[in-house]
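Peer 1: The structure follows.
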Amino acid sequence: MPLMPGAEPYHHDAGQVGVLLCHGFTGTPQSLRPWGEFLAAHGVSVSLPRQPGHGTRWQEMNRTRWEDWYAEVEKAFADLQGRCAEVFVAGLSLGGCLALRLAEVHGTAITGVMVVNPSIASDVPLMRLAPLLKWFVPSVPGVANDVKKPGVTELAYSRTPVKAAASLPSLWSLVQADLVKVTQPLLVFHSAEDHVVKPTSVAIIREKVPQATIEELTDSYHVATLDNDADRIFAGSLDFIRTHASVPLQRD
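According to UniProt numbering, the sequence shown is numbered sequentially starting from 1.
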């Protein structure tokens, strides 16, 4: 099925430090492409895969579940691990949830974790009802493009595929139950005003991952990687990588 222009995955080979970037639910690599390009320009090897069912039509996404998206980022992690001495994982929204799951599963094989407005809790009525709604409606209005900055558009579906959404509660429960396994350094950026993900997710992380550094974004909505605070996220993540990597970046 044809891809939306701009939804292509992004990869860059640089030095021995790699970062896997995970995009969000109904989104595409476009939402994280500027972040990936910034890190690549500073000597980081970057992998930004397109998750199954994303970047084409929402009807195709309805044939996928969270296990499919996780399998794709797991594959990308294994590939990056084979080419780099150290690997960090990062993600936006549900991509942050996938990054945390990778950290839970792989432990010390992951050097650090960076997430932006992570979604790990079933705190939105639509998502709680999705397992029931999937028997009645194929899609509902989308949650994409929550961006404060004028003139910026997130490349994502305008509809939320309900069957795909119905698989999320099981992922959230799994990630929450295993959060104590996230012992790596963790950097969390969260927007003070987010119209997609409620504060519950960050509150849970704050409680269960005591080593987490949590930074509030005051001038961005949910898709903060494309918003007014993007430069702060990019610079902060680069500092985080430089602090915790034991090998120098290619340009360092």
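Note that beta-carbon positions come from the ideal geometry of N, C-alpha and C, so glycine has one too. As the structure is a computational prediction, the values presented were derived from the model and not from experiment.
1. Identify the continuous beta strand (DSSP E) that holds Arg159 and give its terminal residues.
2. Assuming Tyr221 and Asp123 form a contact by the criterion Cβ under 8 Å, report the distance between their Cβ atoms to the nearest whole angstrom.
3. Hey, how far is the Cα of Asp252 from the Cα of Ile241?
4. Going by the beta-carbon positions, is the gap between residue 258 and Ser47 smaller than 8 Å?
5. With DSSP as the reference, label Met61 as helix, strand or coil.
6. Please report the straight-line C-alpha distance between Phe234 and Leu102, rounded to a whole angstrom.
7. State the CB to CB distance for the pair Glu154 and Leu226, rounded to an integer number of angstroms; the pair is presumed to be in contact (CB under 8 Å).
8. Between Gly96 and the ligand GTP, is there a pair consisting of the residue's CB and a ligand heavy atom that are separated by less than 7 Å?
9. Please identify the residue among Thr200, Asp194, Arg33, Asp13 whose C-alpha is closest to the C-alpha of Ala144.
10. Quick one: what's Gly112 bridged to in DSSP?
11. Is Ser246 buried or exposed, if buried means 16 or more other CB atoms sit within 10 Å of its CB?
12. Tell me the rounded alpha-carbon separation between Val68 and Gln30.
Peer 2: Walking through what the data contain:
1. 159 to 161
2. Going by Cβ atoms, the distance from Tyr221 to Asp123 rounds to 17 Å, so no, they are not a contact pair.
3. Residue placement at Asp252 is flagged as unreliable, the pLDDT there being 48, under the threshold of 50; the coordinate-derived value follows with that caveat. Each residue's Cα considered, the two are about 12 Å apart.
4. In this structure the chain extends from 1 to 252, so residue 258 is not present and cannot be described.
5. helix
6. 21 Å
7. 6 Å
8. No copy of the ligand GTP occurs in the structure displayed, which carries no ligand at all.
9. Asp194
10. Phe88
11. exposed
12. Note that residue 68 is Asp in the sequence shown, not Val. Going by the C-alpha atoms only, they are around 20 Å apart.
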